[in-house]
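Okay, so here's the structure we're looking at.
Numbering (UniProt numbering), first residue to last: 1 to 328.
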C-alpha cells in the first residue's frame, strides 16, 4: 500500500474501571502533546469525577470531560462524563443517557462499537483493569472492523476480570503491563493497515441500538432471538445476541448484559426480594397476633389464625436459612 493510500491508526479508545487510575496517570504523563486523540471511558456511574484534573496535571495532552459535538483532534484526551454514554457519530462526540450496558453508564462497549463503526481500522482499543467483562464485546467489534486490540496483562491489573475476559474472547494484538502501555501505543500507531473492511451488519445494528436509533423489535431480531429470561431492570424480554461470546443479552428499551453481568444483577434483585418477603412475613405475623388477641385462642377464628401463624413462622425460618446460606 502506498503512503498516500495508507490508513493511519490514529484513534485510541480506552476502557477502564476499578484499579486503572495508576495506569491512566502514568499513561497521561508519557504521551506527547501531539499524540493521536484518546477517548476514555472509566466506570464512574453518576458520581462526580476529578479524573480530568488528575490526568491533565500529569501530562501534556489537553484533558477534559467530553461535550456533545466535540471534534476528535490530536493532542486531546476526552473522558466520558458521569452518567452518560460517550459515543462517536459522523466523526464527532455524541453523549446519551441511554439504558445502562453491563451495569454501567458510561459503559465501554458502546464507545468501542461506535468508534469501530465510524473509523474502522483507524481504531486502537485498550482494555485496562476492572471487574466483570465490559469492553470485551466492544474490542471484538474493533477487531471485526480492522482495528487493533491491546489488553493490560491480568497479572499486572489490580482487578484482572476485564483483561482476562478480553484475552479469553478476543484475538488480542498486544498484552502489556500498565507501565509499558504508552510505548505499546506508540508502536501500535505505526502498524501498517489493510484496506478498510466493510462494517459487519451485526456491529452496525448493535451500534444503532446503542445510539437509540434501532431499539425496536426488528432491530433486536436482526442480531438475536428472544430468550426465556426477562430484563432485571425493566421486566421486558431479553434477546440473546447471536454467536456472542461471552453470551450477551439486550432488551428493547436498551439495557444490555453479558451473562456475568446478568447473573450479578439477578443475584442482587433476588436478595432484595428475599428481604422484602421477610419484612412482609414479619408484618403478617404481627397482624395475626393481633387477630388472635381479638378473637381468643378458643374460637374457631383464633385456631385458624394460630395455624396460619405457624405457617408464617416456618416460612420466616426458611427465608432466614436461605439468606444465611448465601443463596441469591
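Note that the Cβ used here is the ideal one computed from N, Cα and C, for glycine as well.
{"query": "Flag this pair as yes or no: are the beta carbons of residue 188 and residue 7 separated by less than 8 Å?", "result": "no"}
{"query": "Using DSSP with H/G/I as helix, E/B as strand and the rest coil, what is residue 256?", "result": "strand"}
{"query": "So does the segment 38-53 actually touch the segment 201-212, counting three or more Cβ pairs closer than 8 Å?", "result": "no"}
{"query": "Between which two residues does the beta strand (DSSP E) containing residue 152 stretch?", "result": "148-152"}
{"query": "DSSP three-state call for residue 57: helix, strand or coil?", "result": "helix"}
{"query": "Specify the secondary structure class of residue 143 as computed by DSSP and reduced to three states.", "result": "helix"}
{"query": "Along the chain, where does the alpha helix (DSSP H) containing residue 22 start, and where does it finish?", "result": "21-30"}
{"query": "From residue 138 to residue 285, what does the alpha carbon distance come to, in whole angstroms?", "result": "51 Å"}
{"query": "Could you spell out the range, first to last residue, of the beta strand (DSSP E) harbouring residue 116?", "result": "Segment 108-119 is the alpha helix (DSSP H) holding residue 116; no beta strand (DSSP E) there."}
{"query": "Counting only runs of 4+ residues fully inside the segment 29-105, write out the alpha helix (DSSP H) ranges in chain order.", "result": "51-58"}
{"query": "Do residue 131 and residue 159 come within 8 Å of each other at the CB atom, strictly closer than that value?", "result": "yes"}
{"query": "Give me the DSSP bridge partner(s) of residue 230.", "result": "237"}
{"query": "Have a look at residue 232 and residue 273 and give me their C-alpha separation to the nearest angstrom.", "result": "12 Å"}
{"query": "Would you list the residues sitting across from residue 190 in a DSSP beta bridge?", "result": "Per DSSP, none; premise fails for residue 190."}
{"query": "Would you call residue 290 buried or exposed, if buried means 16 or more other Cβ atoms sit within 10 Å of its Cβ?", "result": "exposed"}
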